[in-house]
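Participant:
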Amino acid sequence: MELEPGDVHEDEAARRLAAALGAPGLEATSPVQSQARLVARRRGLVRVRGDVVDSINSLGSVSVFTLMDGQAVGEGEEVAGCKVTPVAVPGRLIERAEQLCRERGPVIELLSFRPLKTFVVATERLKPKARELFRSAVTAKLGWYGADLLEVR
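Heads up, the sequence shown is in the working numbering, so the first residue is -9 and it goes up one at a time.
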């Protein structure tokens, strides 16, 4: 298939769109069947500008899909993706999507967790063994987010 002058192949369009959507901490994968993904390179909190995603999706011929705004992710997790439907799209369409990302972005961010010092107040009277199991579980959960459990009372 020959492209018309000014058209962009679906894989190149997906690559460009993924690059425009991304931010530090996110890595765009190479397009496969006109679809590129953004993957988290570290743990963090995903922030999504849904209004910009909607604007891009309203352009036609391209689709952006993301995790929900405010979701915690681990390293290697897929955060977003973009798909180009036709085999070729007008270059001006991709340029408009890139412009929206520049002007109204960042569209998708990965915020680092802040290291917090945490105290827990247990309102139930726990026996020593149950308290230690509770402490161990809470320490592991908070640790995933980079927080330290200082004490359980």
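Note that the Cβ used here is the ideal one computed from N, Cα and C, for glycine as well.
1) Locate the alpha helix (DSSP H) running through L106, then write down its first and last residues.
2) Using DSSP bridges, identify the partner residues of A30.
3) Is E65 closer than 8 angstroms to A30 when the C-beta atoms are compared?
4) Going by DSSP, what residues sit across from R37 in a beta bridge?
5) Taking the beta strand (DSSP E) that A112 belongs to, which residues open and close that run?
6) Please determine, among R143, W134, T108, the residue with the shortest C-alpha to C-alpha distance to K117.
7) For L49, which of helix, strand or coil comes out of DSSP?
8) Using the beta-carbon count (16 or more within 10 Å), is G(-4) buried or exposed?
9) Which one of D138, F124, L90, E141 has the shortest CA to CA distance from G40?
Facilitator: With the structure as the only source:
1) Neither: L106 is in no alpha helix (DSSP H) and is coded neither H nor E.
2) L16
3) yes
4) Its beta-bridge partners are E99.
5) From DSSP, A112 is part of no beta strand (DSSP E); its letter is neither H nor E.
6) The candidate whose alpha carbon is nearest that of K117 is R143.
7) coil
8) Exposed.
9) L90
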